[in-house]
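Here is the structure we will look at, set down as structure tokens.
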Amino acid sequence: ADAACTSVATTDVSVTLAASGSPSSWSQNPVTIPASSSSGVVVNLTHTTAETVTLSASSTPAATNSLVCSPSCDLPFAESGYLLTLANHQACTVPTFTIKAVKLSDTGVSCAPAYTGDQSLDFVFNYANPTSGTKVPRLAETNMAAATVSQNRTITFDNTGTADLNFQYDDAGQIRIDVSDAGSAGLSAASVTTVVKPAKLIVASPDANAD
């Protein structure tokens, strides 16, 4: 409702979405953002042509200021790449980090495995929030390299082009992991960000009668 985005609109807002380039498919369009909604609406976009599309939007009532895209209004689509899944989780647990190597299928409307078996991948992790830390995540029971440092790993993909790896971070914070192709397949790089919450909070008192 204001330029600083500190308050939300108190009336329903109808938003019409658009993307340049070849035809795209939206899970819903236009989209109604309910009155006083601070969470907004999640919309899925399907695009099956390898190109960069530019997103745009218009609304009723109209916005006073211009559209803001984060991080960019330009959204690249590749014929092949990695799909990464790492859920938010609790510190000192071992969730599954899933990597899928996919490409556009022969039908041109769905994903198919890009490759199977052993493949060479490069991994880089970063402290996203806070931007520094002392702990190093473990991937498949092995420590990752220091933050911002690339580490090469041989990863085994099954017949669906999927690899499931154990992930462990014994601290709290937001971690980003980038994955890129270290071989000759030429798959587009990808990244995933996960939030690791504290396992527990401990409160102590030095008072003699603390109990």
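End of the sequence shown = 211 in this note's numbering, gap-free, step of one. Think of the CB as a built atom: it goes at the ideal place given N, C-alpha and C, for glycine as much as any other residue.
Cα-Cα separation between residue i and residue j, rounded to whole angstroms
i: Pro71; j: Thr160; result: 31 Å
i: His47; j: Val203; result: 51 Å
i: Ala114; j: Ala19; result: 26 Å
i: Glu141; j: Ala4; result: 45 Å
i: Ser191; j: Ala210; result: 47 Å
i: Ala163; j: Leu83; result: 11 Å
i: Lys200; j: Leu86; result: 21 Å
i: Ala112; j: Ala128; result: 31 Å
i: Ala182; j: Ser150; result: 11 Å
i: Val124; j: Ile177; result: 6 Å
i: Gln212; j: Val68; result: Only positions 1 to 211 of the chain appear in this structure, which leaves residue 212 out of reach.
i: Leu104; j: Val42; result: 24 Å
Member of the options whose CA lies at the smallest distance from the CA of residue i
i: Lys197; options: Asp2, Asn88 and Pro23; result: Asn88
i: Ser14; options: Ala62, Gly183 and Gly133; result: Ala62
i: Ala147; options: Lys135, Glu79 and Ile99; result: Lys135
i: Ile155; options: Tyr169, Ser56, Leu139 and Val149; result: Leu139
i: Asn29; options: Asp2, Ala57 and Leu67; result: Ala57
i: Val195; options: Asp171, Pro206 and Ser80; result: Asp171
i: Thr54; options: Pro23, Arg153 and Thr60; result: Pro23
Assumed close pair residue i, residue j - CB separation to whole angstroms, cut-off 8 Å
i: Leu187; j: Ala101; result: 6 Å
i: Ala180; j: Asp122; result: One detail in the question is off: residue 180 reads as Ser in this sequence, not Ala. Contact holds; Cβ gap of about 5 Å.
i: Asn166; j: Val94; result: 5 Å
i: Ile175; j: Pro137; result: 6 Å
For residue i, the first and last residue of its enclosing beta strand (DSSP E)
i: Ser58; result: Thr52 to Thr60
i: Ser180; result: Gly173 to Asp181
i: Lys197; result: Ala190 to Lys197
i: Asn245; result: In the structure as shown, the chain begins at 1 and stops at 211. Residue 245 is therefore absent and cannot be evaluated.
i: Phe125; result: Gly117 to Asn129
Chain-order list of residues whose beta-carbon lies under 7 Å from that of residue i (same chain, five-residue window excluded)
i: Ser38; result: Val8
i: Pro130; result: Gly173
i: Thr11; result: Ala35
Cβ shell of residue i (< 8 Å), same chain only, five flanking positions each side left out
i: Gly40; result: Ile33
i: Thr52; result: Gly21, Asp74, Leu75, Pro76 and Phe77
Close beta carbons around residue i, own chain, < 6 Å, minus the five adjacent residues each side
i: Ala96; result: Rather than Ala, the amino acid found at residue 96 in this sequence is Thr. Only Asp164 meet the Cβ criterion.
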